[in-house]
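Oh and the sequence shown: position 100 is 461 in my numbering, straight run, nothing missing. For reference, the structure is listed below as structure tokens.
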Amino acid sequence: MSDALIIILVGFLVAVNSGITGAFMVLRKLSMIGDAISHAVLPGIIIAYMISGHRENFFFLLGAAFMGVFVTLMIDWFNKKGKLPTDASIGLSFTFLFAVGIILISAFTDQVDIDADCVLYGEISLVPFHTYTIFGVEIGTKALWDNLFILGLILAFVGFMYRPLFISSFNEEYGQSVGVPIRSIRLSLMILVSLTTVFAFESVGAILVVAFLVIPPATALLVSQRLPHMLAITTMLALFSSVGGFFLADSIDGSIAGSMSFVAGIMFVGVILGKKFYARFARKRFSPHQL
């Protein structure tokens, strides 16, 4: 498999993993919590390394998952106990925890051996060089297998919990009235977003993953509000973003992850303009004066 194909596949998997989990966050009007988690997992990763002394994904995942749940509870506590608005609670929580992560990286960079720029922006062009080896045999690209594993977890969770997710995403109050475990589902989503984010660090970093968490599902929501259609459209947009972004970056010799995010943003703008054009055309075409 060529390096270019590996990069495109990894970009697609990161985008589709982020997009599927982000779709439920967008529907719940909690997309900024995804932003908060993507920043808040940073200190969890650093602390996990400092405690374990290893850079294995298992320890990173534990730290990320813990911090994802922690920031969710922190936001909820500020909102309910501190009487702060939700947006203020989110802004306060993730900026504080992200600042803690940056301080830990800058203070312990020699021991932790994690590059701040890599954590913030990622470097997807290097993922083909990091592979898994079993009994001396290379079995494939590390980022590819990692993100395939996360995709499997996400699909299993969505498939198993589809009805509760569907109900609670569109109407939490109704879901609670019919016995849907709202809090458990929300925490599970937070954990999935945390795991998706930590596996995306190597490829697109903590900042650019926010684009994939929000833009594809937000674009899909403009096209359809039916959940199955929204998830399918999000997947197609993830594919277009990864392929288009790669070739754009190759043509301008720019950031691949940044170009993928840029293409996703261009498609969002294109859908908005297309809807406005179609609405104007429909009004003119079916105007009473034309009848």
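Ideal Cβ placement from N, Cα and C applies to all residues, glycine included. Since we're looking at a predicted model, the values are computed, not measured.
Between residue i and residue j, what straight-line distance do the alpha-carbon atoms span, to the nearest angstrom?
i	j	result
alanine 504	arginine 641	45 Å
glycine 383	serine 545	17 Å
valine 565	leucine 514	20 Å
phenylalanine 601	alanine 625	8 Å
leucine 652	threonine 447	Because leucine 652 carries a pLDDT of 47, less than 50, the predicted location of this residue cannot be relied on, and no value is offered for it.
leucine 574	serine 392	8 Å
alanine 409	threonine 433	19 Å
phenylalanine 490	tyrosine 639	46 Å
glycine 424	isoleucine 436	18 Å
isoleucine 463	isoleucine 412	17 Å
valine 430	leucine 556	11 Å
leucine 553	alanine 618	21 Å
isoleucine 406	serine 379	19 Å
threonine 558	glutamate 534	29 Å
alanine 468	serine 454	21 Å
methionine 386	glycine 501	32 Å
serine 551	phenylalanine 560	In the sequence under discussion, the amino acid at residue 551 is methionine, which differs from the serine named in the question. Rounded to the nearest angstrom, the two C-alpha atoms are 14 Å apart.
Considering only the alpha carbon of each residue, which of the options lies closest to residue i?
i	options	result
isoleucine 576	Met628, Ser555, Leu403	Met628
asparagine 532	Arg389, Ala384, Ala365	Arg389
tryptophan 438	Gln586, Ile451, Met428	Ile451
glycine 375	Val571, Asp364, Gly501	Going by the sequence as given, residue 375 is valine instead of glycine. Selected option, being the one with the closest Cα: Val571.
phenylalanine 457	Ile381, Met428, Ile552	Met428
phenylalanine 521	Ser549, Ser585, Leu509	Ser549
glutamate 484	Asp507, Ile368, Ser612, Leu422	Ile368
asparagine 311	Leu465, Phe421, Val461, Ile394	The structure shown does not extend to residue 311, since the chain spans only 362 to 652, so no value can be given for it.
serine 620	Ile613, Asp611, Ile466, Gly606	Gly606
proline 525	Leu588, Gly372, Phe373	Leu588
serine 530	Phe373, Ile381, Met597	Ile381
valine 377	Val604, Val461, Ala449, Ser585	Val604
For residue i, count the other beta carbons within 10 Å of its own beta carbon; 16 or more makes it buried, fewer makes it exposed. Which is it?
i	result
glycine 635	exposed
isoleucine 398	buried
isoleucine 633	exposed
threonine 494	exposed
aspartate 364	exposed
proline 578	buried
glycine 630	Checking the sequence shown, residue 630 turns out to be valine, not glycine. Burial call: exposed.
isoleucine 594	buried
leucine 366	exposed
isoleucine 511	buried
aspartate 611	exposed
valine 371	buried
aspartate 614	exposed
alanine 517	exposed
When every heavy atom of the ligand MN is checked, does at least one fall within less than 8 Å of the C-beta of residue i?
i	result
alanine 460	Among the components of this structure there are no ligands whatsoever, and the ligand MN is therefore not found.
Quick one: what's residue i bridged to in DSSP?
i	result
tyrosine 493	Gly501
Against chain D, with Cβ distances strictly below 9 Å, would residue i count as a contact?
i	result
phenylalanine 607	Going by chain labels, chain D is absent from the structure shown, which holds only one protein chain.
### Query
Does the segment 398 to 410 come close enough to the segment 535 to 545 that 3 or more CB-CB pairs lie under 8 Å?
no
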